[in-house]
Amino acid sequence: MADAKPSLPVWVANLLVFALLFLGVMAYFLWQIHQARKDFLTHVREHALLVAEVVQLNAQGSMLSQKAAEEILEAFLGNMARFVDYLDQVEPFTPEELAAFADEAGLRGIAIQRDDARNVEGPPQWVSQPLPPCGATASLYHIKEAHMYVFAWRQGSKCIRVGKGDTGIRTLQEHLGLDHVIETLASIPGMKAVKVVPPTQARKEGIGKPGVTMTGEGDLRVAEARVPLETGELRVTLDAGYLHRSVGRLWRDFFFFSAALAALGVVLSLILYRYQSAHLREVRQFERKLALERENAALGRAAAAIAHEVKNPLNTLGMGLQRLELEARGLTRDERHQLGLMLDAVKRANSSMNGLLTYARPRQPDMRPVRLDLMVEDILDLYSGRCETAGISLSTEITFRDPISGDPDLLKQVVENLLKNAVEAQPGGGFIHVTVSGQDREVCLKIRNAGFSLNPQDADRILDPYYTTKADGTGLGLSISRRTVAGHGGRITVRAVKPDRVEIAVYLPRAQPEGASTDKDAV
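Residues 11 to 533 in this note's numbering are what the sequence shown spells out, letter by letter.
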């Protein structure tokens, strides 16, 4: 049968899930940042197109208004020239009269060129540049240097020129002109600059297709949009700080959310790790208990077979050797010594068989009120002489003297077995310290002694069957004690205090059985 593949730990799977969530969140925030940038660039492009349309409309309106103003001015000056011609026909003007008439009519000046070379103008030298010629048709001329419009009209051989300042039209152009519109648009909040670049400059700077570019450093960021016009290229610069702040806010939210998600993932993974570790410990304990039960079941079957096949012959052999020792008269001293060794070997084998049977088929406890403190004191009295001979100092600390529920015979075997092991572990002298104390719901019996060379990692192994540190031990004494204590609902723990000191603690339930509330009935 193929080995099953090890499953992925729950906490690792949890971390992988949170890692995938983190990647998903990161992808979502990156998409949000890309979408915010895309929307902002679209916004800038639409603003630039709107500004371009405004500029173009304003340019068209400016041209139309200038044309309309010039047509009105041309009609006004034409009528004025005809009126001057009419008055000049009635009575020719003198320069002084022309100057007075021009001043009264709000004109810069009037010039009359007659065919008889009797030219007259007023006021004198009202224009420094040469006057425009009189053509076959009436024409309106704009002299920019003199800031003046001149209307030239020919009537027969006479040429009449009437001039008027362009202040009104220039003011109109300033309010409706491109520069004023650009200045007004640039003052709108969020609009950094608006300018029209001539085609030659645009080609010189290498500007290609219309588009939007981001420039600037730090918090000072702008977006420049380029839109082609008939007169060149329109460049609209908008404040990109809003985009920068929005992206910064998205990144800040991403980091906060990611930190919270990572913290939640770590905490949940730790919880799952502890839960899984506890579950694995329970599974191992259950497997260990199941293996122990299987071993005990096999041991019980083996013990029954051994008891049938070996114990009875051992008893027969032991009785035969004892009878031979009592009745034989002609045995030498060496033969009697060999006979004693054989009896000791049979007794040891029989003791091992009894321990094996006891471990394989433990007796059911007969629960009665028991005074654990009195039991410990009685057994210590039995071992006090042996301890004094071996140089072992005994000390006790008994703070619990209430009865508990237990089997006196079985608990005596446990206490005696622990004290016996403590004494046998110190043939060269040492100490034994016994404490009996009450805890919340348990009574604790602790025996601490020296003489054990035990690693802390191997402390619990001395409770396993057949594990022993003595040369002639069977390794069943502490195992039987553990099963006896477990039958009472308690537990045994082993702790290596130091490399040469060990502490064995027996924990028994503190509750008394019903009807066992007095000390007089306690054993």
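Don't be surprised by glycine CBs; every beta carbon is placed ideally from N, CA and C.
{"query": "Tell me the rounded alpha-carbon separation between Q295 and L327.", "result": "43 angstroms"}
{"query": "Within this structure, are the beta carbons of D510 and A460 separated by less than 9 angstroms?", "result": "yes"}
{"query": "Taking DSSP's pairing of strands, which residues face Q123 in a bridge?", "result": "C169"}
{"query": "State the start and end residues of the unbroken alpha helix (DSSP H) segment that holds P418.", "result": "P418 to E434"}
{"query": "CA-CA distance, A112 and P199?", "result": "49 angstroms"}
{"query": "Assuming R411 contacts P519 under a Cβ cut-off of 8 angstroms, what Cβ separation, rounded to an integer in Å, is found between them?", "result": "Contact doesn't hold; Cβ gap of about 17 angstroms is too wide."}
{"query": "For D383, count the other beta carbons within 10 Å of its own beta carbon; 16 or more makes it buried, fewer makes it exposed. Which is it?", "result": "buried"}
{"query": "Near L278, which residues of its chain fall below 7 angstroms by C-beta distance, leaving aside the five closest residues on each side in sequence?", "result": "N24"}
{"query": "Rounded to whole angstroms, what's the CA-CA distance from F462 to L280? Just pull it up for me.", "result": "39 angstroms"}
{"query": "What is the DSSP secondary structure of L341, counted as helix, strand or coil?", "result": "coil"}
{"query": "Where does the unbroken beta strand (DSSP E) through E398 begin, and where does it stop?", "result": "Taken as a continuous stretch (DSSP letters only), E398 belongs to no beta strand (DSSP E), being part of the alpha helix (DSSP H) at L382 to A400."}
{"query": "Tell me which same chain residues have a C-beta within less than 7 angstroms of the C-beta of A435, skipping the five on either side of it?", "result": "N459, G461 and F462"}
{"query": "Out of curiosity, what's the CA-to-CA distance linking H185 and K77?", "result": "15 angstroms"}
{"query": "Find the nearest neighbour of F86 within the set G175, F28, L33 and M73, judged by alpha-carbon distance.", "result": "G175"}
{"query": "Can you check which of these residues, A338, H44, F28 and R164, is closest to N89 by C-alpha distance?", "result": "R164"}
{"query": "Could you please give me the residues that DSSP links to N459 through a beta bridge?", "result": "I442 and V512"}
{"query": "Please determine if the stretch 244-251 and the stretch 26-43 are in contact, where contact requires at least 3 C-beta pairs separated by less than 8 angstroms.", "result": "no"}
{"query": "Pick from Y517, I402 and P413: whose alpha carbon is nearest that of I442?", "result": "I402"}
{"query": "To the nearest angstrom, how far is the alpha carbon of G166 from that of C144?", "result": "11 angstroms"}
{"query": "Helix, strand or coil for I82 per DSSP?", "result": "helix"}
{"query": "Look at Y517 and V453 and say whether their C-beta atoms are less than 9 angstroms apart.", "result": "yes"}
{"query": "Taking the alpha-carbon of Y38 as reference, which of L244, G242, D263 and A121 has the nearest alpha-carbon?", "result": "D263"}
{"query": "Just checking my contact of R118 with G173 at CB under 8 angstroms: how many whole Å lie between their CB atoms?", "result": "4 angstroms"}
{"query": "Are the Cβ atoms of M4 and V356 separated by less than 9 angstroms?", "result": "Absent from the structure is residue 4, since the part of the chain shown begins at 11 and ends at 533."}
{"query": "Quick one: what's Y151 bridged to in DSSP?", "result": "V160"}
{"query": "Quick check on the burial criterion: 16 or more other C-beta atoms within 10 angstroms. Buried or exposed for G340?", "result": "exposed"}
{"query": "What is the residue span of the alpha helix (DSSP H) that D6 lies within?", "result": "For residue 6 there is no data in the structure shown, the boundaries of the chain being 11 and 533."}
{"query": "Please state the DSSP three-state secondary structure of E101.", "result": "coil"}
{"query": "Comparing C-alpha positions only, which one of V54, A148, P413 and L97 sits nearest to V237?", "result": "V54"}
{"query": "Please go through the same chain and pick out, in chain order, the residues whose beta-carbon is closer than 7 angstroms to the beta-carbon of T225, but skip the five residues on each side of it.", "result": "V232 and E234"}
{"query": "Between T274 and F28, is the Cβ-Cβ spacing less than 9 angstroms?", "result": "First, the residue type needs correcting, since residue 274 is Leu and not Thr in the sequence shown. Going by C-beta atoms, L274 is nearer than 9 angstroms to F28."}
{"query": "Tell me which same chain residues have a C-beta within less than 8 angstroms of the C-beta of G350, skipping the five on either side of it?", "result": "E335"}
{"query": "Can you list, in chain order, the residues of its chain whose CB lies under 8 angstroms from that of A110, leaving out five sequence neighbours each side?", "result": "G132"}
{"query": "Provide the residue span of the beta strand (DSSP E) that contains R411, from first to last.", "result": "No beta strand (DSSP E) contains R411, which DSSP labels as neither H nor E."}
{"query": "Can you name the residues that DSSP bridges to A506?", "result": "V512"}
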